[in-house]
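J.: I am attaching a structure below and will ask some questions about it afterwards.
Chains as they are written, first to last, in UniProt numbering: chain A, 1 to 981; chain B, 1 to 981.
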């Protein structure tokens, strides 16, 4: 179309387009109003802007919360008038306030705006002292508590006197109350750290005087930013001055004009205009452009008194500027597209020998140093503690299970050693050091089946396992050099969410299962003290022990019986513990002999308490209490603090809850095996080859488990900057397979939930910038240090046993539960499940709900639920061994969804598969063309679609579009009509 | 000042002032846009407004959430142009759409705006079918799941074809797709109940056609609202029509104009103008007035894509209209002041004999019938259950304690009977039936001291008590007839909050104390199964029982021993329960013989579980899940559901937790007393007179306790409509004193916490009105039925024992804890305590923080905390008996605060004492005068101060003020300048 711009926009385009190389500094704006305090005139700070407005609460003597400046149309129009009629001094050479004031007043006189005899009076007013909000008024200290009820009236007297006072300038000490150097108050002001370093100040001075008959308006831009003594609250050099003095009676209106210019000065676009304006008309054009863009709220639907909280996101200055420079828009989109295409760069050479591995190494090497020193941060400590506890709990759990499954060929000791070894190696050399390796369920099941098979066929388990490991390692290498990791391109959100939800559910159900099983500590239900009876009592002496134990049994109505036959002639056992009884040949008979009272409920309290305390402390970050830093610390260390609290509670209660038991001696769990497995000699030679078949299963298992976890870790939501390393990761997992097989240690692969927990505990947010601006998620503290420390600590845990033994298992299960639940949060699948329970009108405003009909969303969710249910059922049966194949099944289901759902819906609910990408792109283009006329989507949404589809669309911003159609002609028309009224 | 109004405002003032008697109907606005669907033209609903905007999400096929319409200045200006140039048909006689369309097009032709040959085409377009969002598109049913991936492209084909289609009107079935009668879809639409009954519709039709060269604009007001078939989504008669058809290529802009007119139509002020406009210029003036009032958001601080949630409160239409009719403002303030002064009306005659009592009765009689039938509501059931459980718990607790204190002269039975009797009488006849009577702590302490005194002095306790009660009753009557209840005027928020916080703390601490005491169920700490030993074993047969019991003792490491000496010759006891053992002369020795395992922790779980489940279910009302009604039900019945759940859990576990035990037989607890106490005969005669001295103490106690609870119940925040009855309340409390004394029942007085719980459970909220409007708190379901039912049930509880015995005490303590915590919420004192822990910048935006310096707020809070601490300490000692005097002390402290705090600060933090009222009023007036020029406060704040101070201030709205100063001259100026650009 034809590019039509309004005259104002045309003008701005000209001046802003001139020199784009030097970005203008950020402006800090302070508005001071003229007050009569204690019989003297002074300028009192009344509001300030970094990005949003903060007002001084007169009565409360405090800063208001930062809020969006709501203006009236009036004030903006009046400001425009002020700029039209007042004097504009651009690039004034100024070195001190008196000189600047002199120049301003002289110009006004020269322009004939004020009579020359007012010069002294105006200068006097403009050079009065500035009082900032930081400085507490002296007359209101706590000392005068007794008088303060009278203070109001005395203050009132001052006010009555003051208006007449300031008419006599000689009464004040000097013409100039303002010092040249920043005061200590200014320098000590902590607010300084909220202002960007390069910032310059703009000062807005608004006052009422009685010697003027019409307003005195001046807009000044200094040639250089200059520190003008105590003019500004903070020691920031002043670049702009806006002065409005007027006759009495219009304070409210003057204040509104002041707020309007202050709001304009902090506007990205107008501040650029102000810096680059060549004359008055440029400034007016800036105001007009601002007026063109304002958002209007109807008076009946919004109360102007409501202070609007700053939004999470504001339109970027670039986007708004691009509207003016239309030809630049193409470039912008181009670069945005480039960034979106960045992911492709990481997997660029699908058909070159080991090309992926080589690229991974090339990508990782430059980051290696920073991978170490980026780890030095307090957050790392909490992350290490958290992940360490998760790891040892995992090591103990899987160690115990593996020990059961393999007759202790692999036990807790092997589990600890293996975790430490594999984890450390992976974190030092791996491609994505944020991934945490761990034993996983499928491998456990494989080992179990393998051990049973070898035992029943008289094959040496350890040797067979070694060969499977070696084959699997080799197969991994094959996958690495053939760049098979490109399959991750087919792992869309559907697969990711399905997999990680499944793993989270397993975590949660494991944690709960362990708690509700009550296996070792049942609750005693039928207890009645009266029921204590002797159920059997035979010959008095010899069966004494039987009687005694049956007493205990009856006491708890449980069946536990200690049988001991003492020779009839033995002396009466006066003091005989259960242990001694057992020593003399007694035996505990019954299934509840380990019953201990109170343990079940205590365990429940520890478990649930740890979980809920962790959740509450995590949430504490968003409460209003305590300073931000302290809250962040509490939130970061929430898990550690919960564990400590409940370990403390457990110690206080002194109950015999099941505790964490780590091996204390460094030796294989089974005494008949060494630390090294020999590859030859025990099995027939053909097993060395045949083992490649089960190895294939292991390889698929490891490959899928590893890569999908890596995909989840490398999600773009995590904003990782150091790139991924799928090939390198797989390479090291392969190497570790071989090493662990040789040493008879369990095999390790990426653990989804713990890796997510690792990432979560290392998330960075921007330090608070301008007041009211939301802290932004910056990314993850990507480094190798936390991982290395976690695994070194795991290795050292053998020596930490005396400390660790105080931790009750229920507390650790609570941590498990938290991990599982936390890794579910933020998953879109989960949000979509919740939608089932919400009536449509209460559903949150998700962007996919705006674009996909609810029943399609529900259908998609249902498919995911069914997939998950099927996976869950399979996982619970012996079929668990083909778990990796089931993930491949997820990929197939996703592929089939292309038949049921339109690519448009899938783009919103999932990602587009690679081969559909091109088709969708075309589809979308034609559709866009057609839709454009109907209802163009918002920039943000369009952007989201773009990234989703990895497209380089060149659709122009819709915002632009409207403006082109309507701006120029209409406004002229409006003004003509409006003037008639 | 001079009343200057802009020409537009002048015009509006004229037309709106004409006839204020008939309020204009509410407008429902629907915006339909022209679409080409399936090869045919049709009007598709794209947004609707009741008060806020709801947009049709095209992709999502759903309604958006209601939001504030954010407009652009452009669209408003363009709309103004449209109204300037288009045809305006006011008071058109219309009976069907074809006729109306005919008239519109004819007028356009007559005005020379369109050539006559377009008539048929335009009529054809305007008479196309209207599709509303309620109707689901057929082509997207679930049946075509398999095809839907192709649906997009086929739909796209339709769109390509359609633009050429509609040029041939003959292709369509008829000229008129619109039926005359409302369709079933319309009638079935549930949205109807969101629209007020008197509502009329305004329809906005926006479309693009290719036969027009310039826009076709028409604004129609029908003489009578007429149902025009399927034009509107709901069967609401149409009054206004706005039609905008234009050439292709400007859809976005047309839509924005449509949104602008729709927003204007639902604006209170503009809709009035639209109803009363005499010509085009009136409408333009309406737009101008709207523009004058709009709120402007700067583009750099707000993203126009954000949908703004409807605010909790919008400026009232009256306030906005009053700006136009300045002379009406004075009247408005007058009436507002009258409402504020309403409270005085209730206590108007301080010096007339029994004047207060008489007025109370006069005030209450007219409400008596509604007091009964207002109780028939489902909410009453939950309230009755909740309060009933609170009452019987209280009755049992105090009954038990009274029994201990008076050697069962008053026990649980008396407590039940007394509660039922006193409560029922009070609820039937009392002045404020929402108050719940109960035994209270101070009375308990008084009874205890009295009983000890009479026992040690050989005085008959019951007779003495009777005389004290009689004297006290008499003294109460004296207080009633002397209208002493006027003291409540000195009970400001300071006293209320202090008292109710104290009572809440007592509730909370009692609940927790009972739980952590573990008196009857200690936790067994040192249990080790191995320690089971025989500590003593003497002669085998005779002391068998000793051995056996020592086994139990050791088992739990507790000291409990059953001693039994059987004669040496007796046969061996083969089966001997503890009971039997005791029967044979054995004795339990030791202090932990009642130990039962697991009970402590189970009780803790029941207690804490009941509390937290109640809290969560209460909060559930604000969640997004399930329909609003269900959530409200869950929230209302939260306490009942929690109790049921944990009673169920307790039954499931089958543990012997302490249960609620109510007396089952109707007889005095102590068998040597009857149901009636005789006044004479047991004590010397002079006691009958002397007892008036202790009676004085009781009277003060009862008076203070009763009246302060009543003040809290009658708080204006509760919006009670049926008035208070302090004198009547006190009269009946006095009567009940006498009755209870005669029957030997405990004395009863208003219980703060339970009364607050009663009020809370009866709160009413407005049914959801316009979408997006917040439900308003309407008041409390004021009636006598719930109270009566509660106490009748309490009386019947003697027969409900078989059911009630399943309720474990810890569950009831949990309910107690909830009551205490809930009655703390919403107390400003509590909010102010929290401020101590918050950094200033995170503190909520309380209005008192804007006006009172933080250190003064903290000081005030500190004074309250100290008072509370002193009260708490006194309460815990024997001084508790002078508790009522301490409340008088609070009044004194409050009086002293006048010396430390200014009346301005106190007005914000507390209320003004009666005698300060006048002074403050004057103070404030002068201060206001002075401040007016500096920073006028918002209307709302001013209003708040007004109510706080019970003043009839005549300060004009600041909004008005600004407008007067600036409106007219400026706008003309602006337009002139603007036209130049």
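Beta carbons are placed, not taken as given, at the ideal position from N, Cα and C, and that holds for glycine.
Would you mind working out which of 700/B, 301/B, 730/B, 807/B sits nearest residue 710/B, comparing C-alpha positions?
T.: Residue 710/B has its Cα closest to that of 730/B, out of 700/B, 301/B, 730/B, 807/B.
J.: Would you list, in chain order, the members of the stretch 53 to 71 of chain B that have their beta-carbon closer than 8 Å to a beta-carbon of chain A?
T.: Going along the stretch 53 to 71 of chain B in chain order, one finds 57, 58, 59, 60, 61, 62, 63, 64, 65, 68, 69, 70, 71 with a Cβ nearer than 8 Å to chain A.
J.: With distances taken between CB atoms, is the gap from residue 390/B to residue 414/B smaller than 8 Å?
T.: Going by C-beta atoms, residue 390/B is not nearer than 8 Å to residue 414/B.
J.: With DSSP run on the structure shown, which of helix, strand or coil describes residue 786/A?
T.: Helix, per DSSP.
J.: Which residues bound the beta strand (DSSP E) around residue 36/B?
T.: Taken as a continuous stretch (DSSP letters only), the beta strand (DSSP E) holding residue 36/B covers 27 to 37.
J.: Just list the residues that DSSP pairs residue 63/B with in beta bridges.
T.: Looking at the DSSP assignment, residue 63/B forms a beta bridge with 56/B.
J.: Can you find a CB in chain B that lies within less than 8 Å of the CB of residue 43/A?
T.: Output row for residue 43/A: interface = no.
J.: Could you work out which residues of chain D lie near residue 625/A, taking near to mean beta carbons separated by less than 8 Å?
T.: Absent from the structure: chain D. Protein chains present are A and B.
J.: When Cβ atoms are compared, which residues of the stretch 295 to 314 of chain B fall closer than 8 Å to chain A?
T.: Those residues of the stretch 295 to 314 of chain B that come within reach of chain A (Cβ to Cβ, closer than 8 Å) are 295, 296, 297, 298, 299, 300, 301, 302, 303, 304, 305, 306, 307, 308, 310, 311, 313, 314.
J.: Answer with buried or exposed for residue 676/A, where buried requires no fewer than 16 other C-beta atoms within 10 angstroms of its C-beta.
T.: Label assigned to residue 676/A: exposed.
J.: Locate the beta strand (DSSP E) running through residue 764/A, then write down its first and last residues.
T.: Per DSSP, residue 764/A belongs to the beta strand (DSSP E) from 763 to 765.
J.: Specify the secondary structure class of residue 129/B as computed by DSSP and reduced to three states.
T.: Here residue 129/B sits in coil by DSSP.
J.: I need the straight-line Cα distance from residue 248/B to residue 317/B, nearest angstrom please.
T.: About 38 Å.
J.: With DSSP as the reference, label residue 92/A as helix, strand or coil.
T.: Residue 92/A falls in the strand class under three-state DSSP.
J.: Can you list, in chain order, the stretches of the alpha helix (DSSP H) that have 4 or more residues and sit fully within the stretch 656 to 726 of chain B?
T.: Listed in chain order, they are 686 to 690, 692 to 713.
J.: Name, please, each residue of chain A whose Cβ falls closer than 7 Å to the Cβ of residue 131/B.
T.: Here the premise fails: no neighbours, minimum Cβ distance about 14 Å.
J.: Can you tell me the Cβ-Cβ gap for residue 493/A and residue 898/A, rounded? I've got them flagged as a contact below 8 Å.
T.: Residue 493/A to residue 898/A, Cβ: 14 Å. No contact.
J.: Determine which residues of the stretch 194 to 216 of chain A have a Cβ less than 7 Å from any Cβ of chain B, and write them out in chain order.
T.: So nothing in the stretch comes that close.
J.: Counting Cβ pairs closer than 8 Å, one from the stretch 286 to 306 of chain A and one from the stretch 87 to 98 of chain A, do we hit at least three?
T.: Output reads no: the stretch 87 to 98 of chain A does not touch the stretch 286 to 306 of chain A.
J.: With a CB to CB cut of under 7 Å and the five nearest residues on each side skipped, what residues in its chain are close to residue 621/B?
T.: Only 631, 632, 635 meet the Cβ criterion.
J.: Looking at residue 481/B: is its Cβ nearer than 8 Å to the Cβ of residue 357/B?
T.: Yes; because the gap between Cβ atoms is below 8 Å, this pair is in contact.
J.: Please state the DSSP three-state secondary structure of residue 367/A.
T.: If DSSP states are grouped into helix, strand and coil, residue 367/A belongs with the helices.
J.: In its own chain, which residues sit with a C-beta less than 8 Å from the C-beta of residue 84/B, not counting the 5 before and 5 after it?
T.: Excluding sequence neighbours, residue 84/B sits near 280, 284.
J.: In the DSSP assignment, the alpha helix (DSSP H) including residue 207/A goes from what residue to what residue?
T.: Residue 207/A -> not in any alpha helix (DSSP H); beta strand (DSSP E) instead, spanning 200 to 208.
J.: Output the distance between the C-alpha atoms of residue 64/B and residue 58/B, rounded to the nearest integer angstrom.
T.: Taking the straight line from one Cα to the other gives about 10 Å.
J.: Any idea if residue 497/B is buried or exposed, counting beta-carbon neighbours within 10 angstroms, 16 or more meaning buried?
T.: Classification of residue 497/B: buried, given that the 10 Å Cβ count is 16 or more.
J.: Residues of chain A with CB closer than 9 Å to the CB of residue 649/B, please, in chain order.
T.: Here the premise fails: no neighbours, minimum Cβ distance about 12 Å.
J.: Could you list which residues in chain A have their beta carbon closer than 9 Å to that of residue 854/B, in chain order?
T.: The answer, in chain order, is 60, 61, 62.
J.: Quick one, which of 365/B, 268/B, 309/B has its alpha-carbon nearest residue 319/B's?
T.: Cα-wise, what sits closest to residue 319/B is 268/B.
J.: Classify residue 834/B as helix, strand or coil using the three-state DSSP reduction.
T.: Reduced to three states, the DSSP call for residue 834/B is helix.
J.: Please state if the CB of residue 786/A and the CB of residue 370/A are separated by a distance shorter than 8 Å.
T.: No, these two residues do not count as a Cβ contact at 8 Å.
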